[in-house]
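J.: In order, the protein sequence lines correspond to chains C and B. Residue numbering for the first sequence follows full-length UniProt numbering, beginning at 1 and increasing consecutively. Residue numbering for the second sequence follows full-length UniProt numbering, beginning at 1 and increasing consecutively.
There are 2 protein chains.
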Amino acid sequence: MSISPKLALLEEYALVARALSAPARLMLLEQLAQGERGVEALADKTGLTIANCSQHLQQLRRAALVTSRRDGKAVIYRLTDAKTLALMDLLRIVAERNLAQVERILRGLSGGYDAPEPVSRAVLAARLAEGSVTVLDVRPSDEYAAGHIPGARNATLAQLEQILPTLAHDAEIVAYCRGPYCVYAHQAVATLRRHGLNARRLEGGLPEWREDGRPVLIDVG
Amino acid sequence: MSISPKLALLEEYALVARALSAPARLMLLEQLAQGERGVEALADKTGLTIANCSQHLQQLRRAALVTSRRDGKAVIYRLTDAKTLALMDLLRIVAERNLAQVERILRGLSGGYDAPEPVSRAVLAARLAEGSVTVLDVRPSDEYAAGHIPGARNATLAQLEQILPTLAHDAEIVAYCRGPYCVYAHQAVATLRRHGLNARRLEGGLPEWREDGRPVLIDVG
DNA sequence: ACATCATTCAAGCGATAACTTGAATAATAG
DNA sequence: CTATTATTCAAGTTATCGCTTGAATGATGT
Chain C
1 MSISPKLALL EEYALVARAL SAPARLMLLE QLAQGERGVE ALADKTGLTI ANCSQHLQQL
61 RRAALVTSRR DGKAVIYRLT DAKTLALMDL LRIVAERNLA QVERILRGLS GGYDAPEPVS
121 RAVLAARLAE GSVTVLDVRP SDEYAAGHIP GARNATLAQL EQILPTLAHD AEIVAYCRGP
181 YCVYAHQAVA TLRRHGLNAR RLEGGLPEWR EDGRPVLIDV G
Chain B
1 MSISPKLALL EEYALVARAL SAPARLMLLE QLAQGERGVE ALADKTGLTI ANCSQHLQQL
61 RRAALVTSRR DGKAVIYRLT DAKTLALMDL LRIVAERNLA QVERILRGLS GGYDAPEPVS
121 RAVLAARLAE GSVTVLDVRP SDEYAAGHIP GARNATLAQL EQILPTLAHD AEIVAYCRGP
181 YCVYAHQAVA TLRRHGLNAR RLEGGLPEWR EDGRPVLIDV G
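1. At a CB-CB cut-off below 7 Å, which residues of chain C make contact with asparagine 98 of chain B?
2. Residues in the same chain with beta-carbon distance under 6 Å from serine 120 of chain C, minus the five sequence neighbours each way, listed in chain order, please.
3. Look at the alpha carbon of leucine 160 of chain C and the alpha carbon of alanine 188 of chain C, and state the distance between them as a whole number of angstroms.
4. Does DSSP put threonine 49 of chain B in a helix, in a strand, or in coil?
5. Could you give the first and the last residue of the continuous beta strand (DSSP E) run that contains serine 68 of chain C?
6. One question on the structure: do leucine 109 of chain B and proline 5 of chain C come within less than 8 Å of each other, judged by their Cβ atoms?
7. What first and last residue would you give for the alpha helix (DSSP H) that runs through arginine 194 of chain C?
8. Could you tell me which uninterrupted beta strand (DSSP E) segments, each at least 3 residues in length, are contained entirely in the UniProt domain "Rhodanese" (129-218) of chain C, listed from first to last along the chain?
9. Could you give the C-beta distance for arginine 153 of chain C and glutamine 34 of chain C, rounded to a whole number, given that I count them as a contact under 8 Å?
10. Measure the alpha-carbon distance for valine 16 of chain C versus leucine 20 of chain B and round it to whole angstroms.
11. Are the CB atoms of arginine 61 of chain C and serine 68 of chain C nearer to each other than 8 Å?
12. According to DSSP, which residues form a beta bridge with leucine 79 of chain B?
13. Quick one, which of B/Glu30, B/Thr46, B/Ala43, B/Leu99 has its alpha-carbon nearest leucine 65 of chain B's?
14. What does arginine 92 of chain C touch in chain B if you count any residue whose Cβ is under 7 Å from its own?
15. Count the CB pairs spanning the segment 90-105 of chain B and the segment 76-92 of chain C that are closer than 8 Å, and state whether there are at least three.
16. Given that a residue counts as buried once 16 or more other Cβ atoms are within 10 Å of its Cβ, and exposed if not, what is asparagine 52 of chain C?
17. Taking 8 Å as the limit between beta carbons, can you name the residues of its chain near threonine 46 of chain C, skipping five residues before and five after?
18. For isoleucine 218 of chain C, which residues of its own chain have a beta-carbon under 7 Å away from its beta-carbon, when the five flanking residues on both sides are left out?
19. Comparing C-alpha positions only, which one of C/Ala115, C/Glu36, C/Asp170 sits nearest to tyrosine 77 of chain C?
20. Determine the extent of the alpha helix (DSSP H) in which valine 220 of chain C is found, giving its start and end residues.
21. What does the Cβ neighbour count give for histidine 56 of chain B, buried or exposed, with the cut at 16 atoms within 10 Å?
22. State buried or exposed for glycine 72 of chain C, treating a residue as buried only when at least 16 other CB atoms are found within 10 Å of its CB.
23. Rounded to whole angstroms, what is the Cα-Cα separation between valine 138 of chain C and alanine 8 of chain C?
24. Just the chain B side, please: which residues come within less than 7 Å of alanine 8 of chain C by C-beta, in chain order?
25. Mind pulling the chain C residues with CB within less than 7 Å of serine 21 of chain B?
26. With DSSP run on the structure shown, which of helix, strand or coil describes glycine 38 of chain C?
27. Would you tell me roughly how many angstroms separate the C-alpha atoms of alanine 43 of chain B and threonine 49 of chain B, rounded to the nearest one?
28. Could you give the DSSP three-state label for alanine 22 of chain C: helix, strand or coil?
29. Taking the CB atoms as reference points, tell me whether isoleucine 163 of chain B and alanine 155 of chain B lie closer together than 8 Å.
30. Can you check whether the C-beta of proline 5 of chain C is within less than 8 Å of a C-beta belonging to chain B?
31. Between the alpha carbons of tyrosine 184 of chain B and aspartate 142 of chain B, how many angstroms are there, rounded?
32. Nearest to leucine 99 of chain B by CA position, among C/Leu106, C/Tyr13, C/Leu206, C/Val135, is which residue?
Structure below.
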């Protein structure tokens, strides 16, 4: 088609990278990592207008990072496969490993406290089994209802201060949120530690937990 | 320090993706995967002007995908670490897996012939040890001289037709080039098969071979 | 210090992307 | 069929990107 097949190929690879090159689309992908969603729900969660959201989604679809299906009058989007998640992950790892700027932002999130190492998902699963840990889900309640780690309590950042007294001061608290792109868990841990609680962050979030094949509890309405 | 730390973080991740979103920069990364290079050499190989090349390189450096050092009056660039290579690889895998367009371009490269499965690097190493295979390096001779698989013959696509008679018609021929982004090996295999030879492509290229820790022969002098 | 060479910076141009607004399409309900 | 609701398309604006040109910087050799 084009002048050179080599350039045409590179153009296709670049298309996929370009789809990942806008913060708005990374937000959408993070949402979709929680589970499939309709356009309006995505627009709500990300703060984008419907039309804008739709256009971003179409760009993601062109890059084959997401696929869509119709359900009545709604169009439901979801990640094409786990490879999309892997690509987001590697992107994040490279950025965090090499960009001083990222380091600074993450440090700022911890509110000056030194953030402790995150807890691996395998360790959390083991400690959950023996009941020696309190798990905190720091996502909006609708996302919690759509699936959460069994035994986790739900509290948004805004609600966190209110439930502080009800949290055990002896057991360790492990907070998680949407995944590595999400900063809720970082901020929750900072708040908890500021109040003297023994809190750490889960490595990854619910999508990664589910990807591991671990149990997820869904509230039925 | 922006309005929201969350957005600032996503902006940084997006920066890395944006660095990968131009074909010119993917070309540069492919060249750098062969080994470190100066700006002029990179400009030559990619066909970019010096100034343009320099600007692309700086964008890659801002994204921390490459680093540079001074050597006299020259500035030498190289990939920051193997993670950069991994990111390029995953990008390619996602694109090839899901984009019908890529499928079509690759099929076109094979000149209508059905391309056989590529040979894995482990298999090639084993068959090299027992001498049951001819290895063909389809890169420009300067890149061959800077490092190649021990025992490989060098021939560019242009030279390929001339050396055809000297290639064994009984043993299998395995062709490789710069790596998965490079189409030389695809085209060489197509040419060889069109002439009735038993040729296949190596999975990956020299950078991946080196990354495996396998021996690389460098011409001195 | 001066000249030289490799690289980078700065300004300008055309093309593309993000976002907004308002209209068009598609599936369902009455 | 018409109305309704969810999504997509289309046009327009502003900002950014990729590329070019020409000047500026930085290291080296005389």
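Each residue gets a CB set at the ideal place from its N, CA and C atoms; glycine is no exception.
T.: So, from the data block:
1. Within 7 Å Cβ-Cβ: Ala64, Thr80.
2. Glu203
3. 8 Å
4. Threonine 49 of chain B falls in the coil class under three-state DSSP.
5. 66-71
6. yes
7. 184-194
8. 133-137, 172-176, 199-201
9. Their Cβ separation, rounded to whole angstroms, is 18 Å, which puts arginine 153 of chain C and glutamine 34 of chain C out of contact at 8 Å.
10. 9 Å
11. Taking 8 Å as the Cβ cut-off, arginine 61 of chain C and serine 68 of chain C qualify as a contacting pair.
12. B/Val66
13. B/Glu30
14. Tyr13
15. Between the segment 90-105 of chain B and the segment 76-92 of chain C there are three or more C-beta pairs closer than 8 Å, enough to call the two in contact.
16. exposed
17. Cβ-Cβ distances below 8 Å link threonine 46 of chain C to Ala24, Met27, Leu28, Gln31, Cys53 in the same chain, with the five nearest sequence neighbours on each side left out; the list follows chain order.
18. Hits under 7 Å: Ala146, Gly147.
19. Taking only the C-alpha atoms, the option nearest tyrosine 77 of chain C is C/Glu36.
20. First-last for valine 220 of chain C: undefined, no H or E at that position.
21. Buried is the call here.
22. exposed
23. 44 Å
24. Ile105
25. Ala14, Ala17, Arg18, Ser21
26. strand
27. Note on geometry: alpha-carbon atoms of alanine 43 of chain B and threonine 49 of chain B lie some 6 Å from one another.
28. coil
29. Yes, Cβ-Cβ distance for isoleucine 163 of chain B and alanine 155 of chain B is below 8 Å.
30. Closer than 8 Å to some Cβ of chain B, the Cβ of proline 5 of chain C qualifies, so yes.
31. Whole-angstrom Cα-Cα distance: 15 Å.
32. C/Tyr13
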